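Residue numbers (our numbering), protein chains in the order written: chain A, 1084 to 1425; chain B, 1084 to 1425. Comments concern the structure below.
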DNA sequence: CACCCGTATCTACTCGAGTCAACAGGCCAG
DNA sequence: CTGGCCTGTTGACTCGAGTAGATACGGGTG
């Protein structure tokens, strides 16, 4: 009875190739190609029907490797991130996968684990696999472009503020984003605002630190205490402890990532202080986690989906000969309760 | 000066092929292959040196598509998850990527977004790309195996309790895990323990519900209220609101995922109740997020890394003809503060 | 000196799909 | 009735790498 509903599957041996379809449909292999790809030559409707039928009955699926070999494109993009289990990169990866899938591209993922050697290895690996482009969220503020250059693959640098000539890059305006967050905190009447700054392998100064400083200067306020630590929950936790212990304890803190803020909240809670009453907090990223912390975090949201789309578009464009460009996206302040708003 | 440190790159046109290397080294293309792959025939040391030199100078990188076509294997694994931005799957993906990379495999990622059609499309896509195996975390408790079967690819079903004959599967003992968590809650003296149960596309009963019920029965306690909602933060949030509003409000709740628990915590905080004082909470997964919620969550930890390794090993084994098997991993209770422990 | 054998290398075919030049057949104009 | 043209179809070559089978070479033995 089952055999009546499902077409007889040619279980025989090995995968079905174009040749099998051609034989079954009584046509040449070229026609099968024309039908599958809708060109470049036209096929008579009756013939097309026969071929479609054969494809369905035999369960034919074109071999992507052969296709990639002939066309010189694997319809695949590579994404290298420091750590996919970081919610921000997870969100970003999802957006990239969506954007890539919409254009028929698959996504190969690589984690560099904050390790430069691993980042390089990943890139080389992707290059050997003939990916059509790679999206790189480097562990460095300023990535070493040499590997990318020698690999001769279209690429997009993510989260880069600096313009790297000859490369596509996508980033957000970190300084402006930090500024609106700090200004919002100032608007709540805070005069001593600390900074929990994330650190990176390279020593370059991050735009968020600049934005924090600018906002304070413009308001004529003194700089609050700064603590440098990792862009992680534990990093934020220790940063929080140190900030709370500092001689002039701030009444508000700007954290440079949501994860840091989450860790920071824990430190504040453990110290028995109320948020935002005794300690206001604002952070950066706009991840889903920030909405469900307690209290919910006021955070600077990055337009992740738009950035992912732009990154994929740049890659696809590059394979068509478009020239690289540098795009900076604006951020928006997402006001919740950790800052003091009701 | 730069040209002194880096070898003269044959920038000419197009990528370098085996033929170019052969010509440059003055040997045949076969020898180049033998050198690159270390076999299947031996090459004289002097010749090998010449070839290695040519490879370095020309920057030769074997074309993975051609290799995949000839060998029928792309050294690539596919991973299909409902949503990579779910911290649990993000963590899992990272572990899978690590395990795959260690064996020289690349990982292609696909999100199904809780959508069965998209899940199928992803699988078909991976099949066409000649991946050597796919890891599937289905949106269904009981996945439809048909797509996998017709695709004829080694596969591993993730998070499956049920044994699907002819398929590899990897899961945790959901019932046992839930039971230890609920037993722990009972140990704190709770007699009315609610359940925030996650739902799935299929209607099958989840082991966690079974475990919760078993623990209560064994202790001679009545069943607390159950609320069904999505396995997400918003899902946990609404579940929390409904549980708090139920006629016999529980004094403790077991949530079937960390994300639900996070949402639930928010609902409890908003209601002005203290955790664990007025409402104790325990959950399932053991994600990093659970450690930094307020209060930190007592949660049932899944051995993610071990499961990922086993899954990848099963796939690689399958391509060597090993027969499929079903593995269930044990969970461990990670005690923190949300249950009432100090 | 002819013969055999082992080693090193090369030639040529293969994988599956894309596509172009060549070709068959039908139709209409002259 | 023939020539030309348009439509549909086909055979054959190509992409780059793996490798079996053929071949060249050198050294030792009878």
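Ideal Cβ positions, reconstructed from N, Cα and C, are used throughout, including at glycine. Everything numeric in this text was worked out from a predicted model, so none of it was measured.
Determine, using beta carbons only, whether residue 1195 of chain B and residue 1221 of chain B come nearer to each other than 9 Å. The residue labelled residue 1195 of chain B in the question sits at position 112 within the second chain. The residue labelled residue 1221 of chain B in the question sits at position 138 within the second chain. In this structure, residue 1221 of chain B lies closer than 9 Å to residue 1195 of chain B by Cβ.
Does the segment 1360–1370 of chain B come within contact of the segment 1391–1402 of chain B, defined as at least 3 CB pairs closer than 8 Å? With a cut-off of 8 Å, the segment 1391–1402 of chain B and the segment 1360–1370 of chain B do not count as touching, because too few Cβ pairs lie within range.
Taking one C-beta from the segment 1260–1278 of chain B and one from the segment 1294–1310 of chain B each time, how about it: are there three or more such pairs within less than 8 Å? By the Cβ rule, the segment 1260–1278 of chain B counts as touching the segment 1294–1310 of chain B, because three or more pairs are nearer than 8 Å.
Please tell me whether residue 1445 of chain B has its Cβ less than 9 Å away from any Cβ of chain A. Any question about residue 1445 of chain B goes unanswered here, given that chain B covers just 1084 to 1425.
Could you name the residues of the same chain whose beta carbon sits closer than 6 Å to that of residue 1193 of chain B, not counting the 5 residues immediately before and after it, in chain order? Counted from its first residue, the second chain places residue 1193 of chain B at position 110. If you ignore the 5 residues before and after residue 1193 of chain B, its C-beta comes within less than 6 Å of the C-beta of 1163 and 1205, all in its own chain and listed in chain order.
Work out the CA separation of residue 1208 of chain B and residue 1237 of chain B for me, nearest whole Å. Within the second chain, the letter at position 154 stands for residue 1237 of chain B. Within the second chain, the letter at position 125 stands for residue 1208 of chain B. Taking the Cα positions, residue 1237 of chain B is about 15 Å away from residue 1208 of chain B.
Here's the rule I'm using: 16 or more other beta-carbon atoms within 10 Å means buried, otherwise exposed. How should residue 1133 of chain A be labelled? The residue you call residue 1133 of chain A lines up with position 50 of the first chain. By the 10 Å Cβ count, residue 1133 of chain A comes out buried.
Using a Cβ-Cβ distance under 9 Å, would residue 1217 of chain A count as near chain B? Here residue 1217 of chain A corresponds to residue number 134 of the first chain, with the count starting at 1. Output row for residue 1217 of chain A: interface = no.
Taking residue 1263 of chain B as the reference, give the member of B:1389, B:1425, B:1110 and B:1337 with the closest Cα. Within the second chain, numbered from 1, the residue matching residue 1263 of chain B stands at position 180. For the set B:1389, B:1425, B:1110 and B:1337, the Cα lying nearest the Cα of residue 1263 of chain B is the one of B:1337.
I'd like to confirm the pairing. Which residues does DSSP put opposite residue 1251 of chain A in its beta bridges? Here the question's residue 1251 of chain A lines up with position 168 in the first chain. Paired residues: A:1239.
Are the segment 1111–1125 of chain B and the segment 1166–1183 of chain B in contact at 8 Å, needing three or more beta carbon pairs? Taking 8 Å as the limit for Cβ pairs, the verdict is that the segment 1166–1183 of chain B does not touch the segment 1111–1125 of chain B.
Here's the rule I'm using: 16 or more other beta-carbon atoms within 10 Å means buried, otherwise exposed. How should residue 1139 of chain B be labelled? Here residue 1139 of chain B is taken as the residue at index 56 of the second chain, counted from 1. Answer is exposed; the Cβ neighbour count stays below 16.
Contact set between residue 1167 of chain B and chain A, taken where Cβ atoms lie within less than 9 Å: In the second chain, counting from the first residue as 1, residue 1167 of chain B sits at position 84. Here the neighbours are 1167, 1173, 1174, 1176, 1177, 1180 and 1192.
Could you pull the start and end residues of the alpha helix (DSSP H) that residue 1163 of chain B belongs to? Numbered from its first residue, the second chain carries residue 1163 of chain B at position 80. If you look at residue 1163 of chain B, you'll find it isn't in any alpha helix (DSSP H); it sits in the beta strand (DSSP E) that goes 1159–1164.
Beta-carbon proximity list for residue 1214 of chain A, same chain, < 7 Å, skipping 5 on both sides: As a working mapping, residue 1214 of chain A is identified with position 131 in the first chain. Excluding five sequence positions before and after residue 1214 of chain A, the CB atoms of its chain that fall closer than 7 Å to its own CB belong to 1157, 1159, 1160, 1161, 1191 and 1236, given in chain order.
Compare the C-beta of residue 1098 of chain B against all C-beta atoms of chain A and say whether one is closer than 9 Å. The residue you call residue 1098 of chain B lines up with position 15 of the second chain. True, the Cβ-Cβ gap to chain A drops below 9 Å.
Can you round the beta-carbon distance between residue 1218 of chain B and residue 1394 of chain B to whole angstroms, since I take them to be within the 8 Å contact cut? Within the second chain, the letter at position 135 stands for residue 1218 of chain B. Within the second chain, the letter at position 311 stands for residue 1394 of chain B. Here residue 1218 of chain B really is in contact with residue 1394 of chain B; their C-beta atoms are around 5 Å apart, less than 8 Å.
Drop a sphere of 10 angstroms on the beta-carbon of residue 1087 of chain B, count the other beta-carbons inside from all chains shown, and report buried for 16 or more, exposed for fewer. Locating residue 1087 of chain B in the second chain gives position 4, where the first residue counts as 1. Low confidence applies to residue 1087 of chain B: its pLDDT is 37, below 50, so where it sits in the model is not reliable enough to give any reading.
Measure from the C-beta of residue 1352 of chain A to each C-beta in chain B and report whether the shortest distance is under 9 Å. The sequence position of residue 1352 of chain A within the first chain is 269, counting from 1. Residue-level contact by beta carbon holds for residue 1352 of chain A and chain B, with a gap shorter than 9 Å.
Could you list the residues in the segment 1348–1374 of chain A with a C-beta less than 8 Å from some C-beta on chain B, going in chain order? Within the segment 1348–1374 of chain A, the qualifying residues are 1348, 1349, 1352, 1371, 1372 and 1374.
Secondary structure, alpha helix (DSSP H): runs of 4+ residues fully inside the segment 1292–1368 of chain B: Counting only runs of 4 or more, we get 1316–1328 and 1341–1353.
Look up residue 1405 of chain B in the DSSP assignment and say whether it is helix, strand or coil. One-based indexing of the second chain puts residue 1405 of chain B at position 322. Of the three classes helix, strand and coil, the one that applies to residue 1405 of chain B here is coil, per DSSP.
Taking 8 Å as the limit between beta carbons, can you name the residues of its chain near residue 1379 of chain A, skipping five residues before and five after? On the first chain, position 296 is the one that residue 1379 of chain A refers to. If we look at residue 1379 of chain A and ignore the five residues flanking it on each side, its Cβ neighbours are 1373, 1419, 1420 and 1421.
Starting from the C-beta of residue 1100 of chain B, find all residues in its chain whose C-beta is less than 8 Å away, skip the five residues before and the five after it, and write them out in chain order. Looking up residue 1100 of chain B in the second chain gives position 17. Around residue 1100 of chain B: 1143 and 1146.
Proximity winner among B:1398, B:1326, B:1392 and B:1340, relative to residue 1314 of chain B (alpha-carbon distances): Stepping through the second chain from its first residue, residue 1314 of chain B is reached at position 231. Distances from the alpha-carbon of residue 1314 of chain B to those of B:1398, B:1326, B:1392 and B:1340 put B:1340 closest.
Which listed residue (A:1392, A:1322 and A:1423) has its alpha carbon closest to that of residue 1239 of chain A: By 1-based counting over the first chain, the position of residue 1239 of chain A is 156. Looking at the Cα atoms, A:1392 is the closest of the given residues.
So which residues of chain B does residue 1264 of chain A contact, with C-beta pairs closer than 7 Å? Here residue 1264 of chain A is taken as the residue at index 181 of the first chain, counted from 1. Contacts between residue 1264 of chain A and chain B, judged by CB atoms closer than 7 Å, are missing: the closest CB pair is about 21 Å apart.
If you follow the alpha helix (DSSP H) that residue 1208 of chain A is in, where does it begin and where does it stop? Here residue 1208 of chain A is taken as the residue at index 125 of the first chain, counted from 1. Per DSSP, residue 1208 of chain A belongs to the alpha helix (DSSP H) from 1199–1211.
Can you list, in chain order, the residues of the segment 1198–1222 of chain B whose Cβ is nearer than 7 Å to any Cβ on chain A? Within the segment 1198–1222 of chain B, the qualifying residues are 1208, 1210, 1211, 1212 and 1213.
Taking 9 Å as the CB-CB limit, is residue 1138 of chain B close to chain A? Here residue 1138 of chain B refers to the residue found at position 55 of the second chain. Taking CB atoms only, residue 1138 of chain B has no neighbour in chain A less than 9 Å away.
Hey, how far is the Cα of residue 1153 of chain B from the Cα of residue 1292 of chain B? Along the second chain, one-based indexing puts residue 1153 of chain B at 70. Along the second chain, one-based indexing puts residue 1292 of chain B at 209. Distance between the alpha carbons of residue 1153 of chain B and residue 1292 of chain B: 49 Å.
Continuous alpha helix (DSSP H) assignments of at least 4 residues falling wholly in the segment 1097–1152 of chain B: Annotation: the segment 1097–1152 of chain B contains the following complete segments of the alpha helix (DSSP H) (minimum length 4 residues), in chain order: 1101–1108, 1112–1120 and 1128–1141.
So, for residue 1370 of chain A: in the same chain, excluding its five sequence neighbours on each side, which residues have a beta-carbon less than 7 Å away from its beta-carbon? For the purposes of this step, residue 1370 of chain A is identified with residue 287 of the first chain, where counting begins at 1. Around residue 1370 of chain A, the same chain offers 1170, 1171, 1174 and 1341 as residues with beta carbons nearer than 7 Å, after the five sequence neighbours per side are excluded.
Nearest-angstrom Cα distance between residue 1364 of chain A and residue 1265 of chain A? One-based indexing of the first chain puts residue 1364 of chain A at position 281. One-based indexing of the first chain puts residue 1265 of chain A at position 182. When only Cα atoms are considered, residue 1364 of chain A and residue 1265 of chain A end up about 10 Å apart.
Check whether the Cβ atoms of residue 1324 of chain B and residue 1350 of chain B lie closer than 9 Å to each other. If you number the second chain from 1, residue 1324 of chain B lands on position 241. If you number the second chain from 1, residue 1350 of chain B lands on position 267. Contact: yes.
On the criterion of 16 or more Cβ atoms from any shown chain inside 10 Å, does residue 1423 of chain A qualify as buried, or is it exposed? As a first step, residue 1423 of chain A is located in the first chain; it is residue number 340 there, counting from the start. Under this definition residue 1423 of chain A is a buried residue.
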